[in-house]
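Here is the structure we will look at.
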Amino acid sequence: MMNFSTWDIIHNLLLAARWTVALSLAAFFGGGMMGALILFLRVVPNRIAGLVARFYIEVFQGTPLLMQLFLAFFAPALFGMNVPAWVAAFAALTLWTAAFLAEIWRGCVEAIPKGQWEAASSLALPYIAQLRYIVLPQALRIAVAPTVGFLVQVVKGTALTSIIGFVELSKAGTIITNATFEPFTVYGCVALMYFALCWPISQSSRWLERRLNAAHQAH
Amino acid sequence: MVEALLVIDNLHKRFGNVEVIKGVSLTVGKGEVACIIGPSGSGKSTLIRCVNALVPFEQGSVTVLGIEVNDPKLDKLKLRKHVGMVFQQYNLFPHRTALQNVMMAPIQVLKRNKAEVEAEAYALLKKVRLEGKEHSYPGELSGGQQQRVAIARSLAMKPDLMLFDEVTAALDPETVGEVLITIRQLAEEGMTCVLVTHEMGFAREVANEVYFTDRGVIVEHAPPASFFTNPTDPRTKAFLSQVL
Chain A
30 MMNFSTWDII
40 HNLLLAARWT
50 VALSLAAFFG
60 GGMMGALILF
70 LRVVPNRIAG
80 LVARFYIEVF
90 QGTPLLMQLF
100 LAFFAPALFG
110 MNVPAWVAAF
120 AALTLWTAAF
130 LAEIWRGCVE
140 AIPKGQWEAA
150 SSLALPYIAQ
160 LRYIVLPQAL
170 RIAVAPTVGF
180 LVQVVKGTAL
190 TSIIGFVELS
200 KAGTIITNAT
210 FEPFTVYGCV
220 ALMYFALCWP
230 ISQSSRWLER
240 RLNAAHQAH
Chain B
6 MVEALLVIDN
16 LHKRFGNVEV
26 IKGVSLTVGK
36 GEVACIIGPS
46 GSGKSTLIRC
56 VNALVPFEQG
66 SVTVLGIEVN
76 DPKLDKLKLR
86 KHVGMVFQQY
96 NLFPHRTALQ
106 NVMMAPIQVL
116 KRNKAEVEAE
126 AYALLKKVRL
136 EGKEHSYPGE
146 LSGGQQQRVA
156 IARSLAMKPD
166 LMLFDEVTAA
176 LDPETVGEVL
186 ITIRQLAEEG
196 MTCVLVTHEM
206 GFAREVANEV
216 YFTDRGVIVE
226 HAPPASFFTN
236 PTDPRTKAFL
246 SQVL
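As given, the protein sequences belong to chains A and B, one line each in that order.
All residue numbers for the first sequence refer to the working numbering, where the first residue is 30 and numbers rise by one.
All residue numbers for the second sequence refer to the working numbering, where the first residue is 6 and numbers rise by one.
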């Protein structure tokens with residue numbers, strides 16, 4: 030049997046952590062774009078669009094991410110399609126992220142006082158212009174901190190993709206443990222690496238929150 | 006008789022089961038100033054919000070320059086180009102400077118030339134005596150200053166009718182005056198105005214006609230001279246004796 034030094038463990042985990050970072054970023058940006066679309070459907074004054082968006086959000090918030098990953102991975106097989114683990118992982122995480130970001134952002138849009146809409150309306154601004162020039166710029170400012178904060182959830186969410194065989198940080202940890210029989214060392218390192226990724230993000234979210242709130246008060 | 010600019014005829018408005026306006030009619034001629042006074046909850050604000058279609062109403066008719074507001078096919082944007090509105094809470098756009106607040110609608114709605122609009126915006130802010138505050142954000146201005154920016158912002162659309170919804174109610178007593186001066190100036194220039202107000206002294210000085218509303222109806226209306234000295238309805242008398 031091959032011998033693993035601690036350095037080998039860390040080295041291999043770091044290589045796998047690149048996939049955790051890549052998947053997190055891809056899902057976050059993909060989910061962000063899709064979330065913006067869902068948000069739009071959610072806030073336009075159209076009943077059908079609103080119902081579609083709500084249904085989407087309810088489905089993805091009301092089921093475990095793990096089930097969504099299983100479905101993304103196994104459902105295409107029913108139609109004879111073989112989906113690689115990374116595609117299923119990216120698709121499921123993106124759809125999941127979109128639902129949560131849309132809901133976070135909806136809260137931010139609704140936090141804008143009704144008077145802003147009324148003032149914009151009474152100036153004859155069309156609905157889209159009200160959103161674009163008045164409501165969204167203000168909502169964006171309050172959305173930055175919780176959005177960055179949610180990135181932490183996405184990073185941790187990627188750990189679940191190990192179940193469908195995508196080799197990221199957690200899966201690499203399992204594989205190495207199976208070879209070294211040192212679960213404490215290996216998973217300890219895995220946990221530290223997740224922390225090293227997530228802690229700076231949550232700190233910057235807090236920093237942004239303070240900074241943007243202060244700026245808002247000065248204006 | 007001057008040409009009628011705003012005609013409200015038998016307006017009814019209900020929120021759920023509560024009828025807040027029960028058949029109001031009034032006419033405001035071009036260049037005239039109408040003041041609506043009355044106790045809280047009498048439907049004054051709702052009434053003027055019906056005029057620019059901020060709230061829909063069930064029954065009756067409102068016409069502004071011949072445009073029927075209670076028309077399912079109403080072009081709200083066209084109506085609102087003619088009607089400016091100033092709110093109790095100013096509702097300035099906090100992420101834009103005073104100047105940008107004033108320039109927003111002429112550029113985005115009327116698609117006018119930016120340099121021209123900017124020159125007009127400077128002139129409007131000067132007119133409301135806010136020279137030097139053009140690049141301040143609303144949060145850096147006092148309540149009275151914010152309200153004057155809001156007036157300038159409405160005027161930038163060159164409206165034919167201005168609606169004022171208790172615009173001094175949120176202000177300190179000392180700053181009420183600076184806003185009233187601006188409105189008085191507009192009235193003197195011939196702007197048609199409808200004001201919902203609690204400033205009796207001001208109503209007395211600038212109004213052509215004063216309307217007293219209570220529980221969704223106009224109880225009494227008269228030119229200010231007779232309204233304030235010789236009210237006929239007991240409800241008007243009771244109200245005036247409390248506030249004057």
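In this text, a Cβ means the ideal position worked out from N, Cα and C, and glycines have one as well.
Taking 9 Å as the cut-off, the beta carbon of Leu152 of chain A is found closer than this to the beta carbon of Arg85 of chain B. Excluding residues up to 5 positions away in sequence, Phe119 lie with their Cβ nearer than 7 Å to the Cβ of Ala55 of chain A in the same chain. When 7 Å is used as the limit between beta carbons, Pro178 of chain B is near no residue of chain A, the shortest such separation being about 23 Å. Residue ranges of uninterrupted alpha helix (DSSP H) with 4 or more members, entirely inside the segment 143-181 of chain B and ordered along the chain, are 148-160. In its chain, beyond the 5 residues on either side, Gln159, Ile163, Val164 have a beta carbon closer than 8 Å to the beta carbon of Trp146 of chain A.
Residues are counted here when their Cβ sits less than 8 Å from a Cβ of chain B; for the segment 197-223 of chain A the count is zero.
Within the DSSP bridge table, the entry for Leu200 of chain B names B:Cys40, B:Phe169 as partners.
A straight-line Cα-Cα distance of about 24 Å links Val181 of chain A and Arg83 of chain A. Of all residues in the segment 142-164 of chain A, the ones placed with a Cβ closer than 7 Å to any Cβ belonging to chain B are Gly144, Gln145, Glu147, Ala148, Ser150, Ser151, Leu152, Ala153, Leu154, Pro155, Ala158, Tyr162, Ile163, in chain order. Assignment of Asn207 of chain A by DSSP, reduced to helix, strand and coil, places it in the helix class. The C-alpha of Trp36 of chain A is placed about 19 Å away from the C-alpha of Phe224 of chain A. In the three-state reduction of the DSSP assignment, Asp219 of chain B falls in the strand class, which pools E and B. Within 9 Å of the CB of Pro166 of chain A, the CB atoms of chain B belong to Phe98, His100, Arg101, in sequence order along the chain.
Taking 8 Å as the upper bound on Cβ-Cβ separation, chain A lies near no residue of the segment 115-133 of chain B. CA-CA distance, His203 of chain B to Lys18 of chain B, rounds to 22 Å. Of all residues in the segment 56-75 of chain B, only Asn57, Leu59 come within less than 7 Å of chain A when Cβ atoms are compared, listed by chain position.
Rounded to whole angstroms, Val50 of chain A and Val184 of chain A show a C-alpha spacing of 7 Å.
For Lys86 of chain B, the residues of chain A that pass the 7 Å Cβ criterion are Ala153, in the order they occur in the chain. DSSP lists no bridge partner for Thr234 of chain B.
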